[in-house]
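Notes to accompany the following structure.
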Amino acid sequence: MGIDPGLTRCGLSVVKTGRGRSLKPVAVGVARTPSGAPLTERLLTLSDAVGEWMDDYEPDVVAIERVFERGEVSTVMHTAHAVGVLVLAAARRGLEVHMYTPSEVKKAITGNGRADKAQMTSMITRILGLGEAPKPADAADALALAVCHAWRAPFLAATGGPDNPAATPAQRRLAEARQKAKRTPNAWKTAQRTIPARGGGPR
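Position one of the sequence shown corresponds to residue 1 (UniProt numbering), numbered consecutively onward.
In structure tokens:
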């Protein structure tokens, strides 16, 4: 599941992976909240909408765009609030969350970390075999995030698994917990609580 975070408009998408790099679009849309409503109400609306998508489509993993400190402070803060809601929704369902910068997504999709919106939309339309370009831009960005992670997942699995000799003890425990979470609903929560914090004891 790919999510382009935003408080006014939040892009949502689900794709299904196949052999190699083949992908099939499952769903794409945008969750909206009224700009004039109180922040708490908007966050609750977003949480409900995203939670409904996660419950309906049951994704294996969630990819979210990483927030950057650019633009108006209020916009950045609102987006950060939205990301917190999205991550919490995934955590409540035992889903892994991976975050990617815009340049990482652009590089994965077009081979150019500085690709513009038009290039990205064109490539996503072609990669997923869509009859027309996804609109609005938030929806296209959400699909790009899903594709980005789907194509990078094999590499992440190869380098971040519990048997990876280069992984730290904490990283191996996290990887083991993620595998157990697929079989035992509460395993991930339990294992995460036992991982020592940096420079301290159990969290």
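Positions of the beta carbon are idealized from the N, C-alpha and C atoms, including for glycine.
Q | Per-residue burial, A37 [other beta carbons within 10 Å of its own, 16 or more giving buried] | A | exposed
Q.
Using the three-state DSSP reduction, which class does S22 fall into: helix, strand or coil?
A. coil
Q. What are the boundary residues of the beta strand (DSSP E) that M99 is part of?
A. 96–100
**Q.** Reference R9; option with closest CA among R21, S47, G131
**A.** S47
Q.
Using the three-state DSSP reduction, which class does R42 fall into: helix, strand or coil?
A. Residue state, collapsed to three classes: helix.
Q. Where does D48 sit, in a helix, a strand or coil, going by DSSP?
A. helix
Q | R42 classed as buried or exposed, judged by whether at least 16 other C-beta atoms fall within 10 angstroms | A | buried
Q: Can you give me the Cβ contacts of R92 inside the same chain, cut-off strictly under 6 Å, excluding the 5 residues immediately before and after it?
A: Within the same chain, R92 has no close Cβ partners at all.
Q: Give the secondary structure of R114 by DSSP, where H, G and I count as helix, E and B as strand, and everything else as coil.
A: coil
Q.
Count Cβ pairs between the stretch 60–69 and the stretch 98–105 that sit closer than 8 Å; are there 3 or more?
A. The count of Cβ pairs closer than 8 Å, one atom from the stretch 60–69 and one from the stretch 98–105, reaches three, so the stretches are in contact.
Q. Residues bridged to L12 by DSSP?
A. I3, G29
Q: Identify whether V67 lies in helix, strand or coil by the three-state DSSP scheme.
A: coil
Q. Can you name, in chain order, every residue of its own chain whose Cβ lies under 7 Å from the Cβ of A31, other than the five neighbours on each side?
A. Residues of the same chain with a CB within less than 7 Å of the CB of A31, apart from the 5 flanking positions on each side, are C10, L12, L46, A49, V50 in chain order.
Q: Less than 8 Å between the CB atoms is what I'm expecting for V28 and A150, so what's the real figure, rounded?
A: Contact check for V28 and A150: beta-carbon distance about 14 Å, past the 8 Å limit, so the pair fails to qualify.
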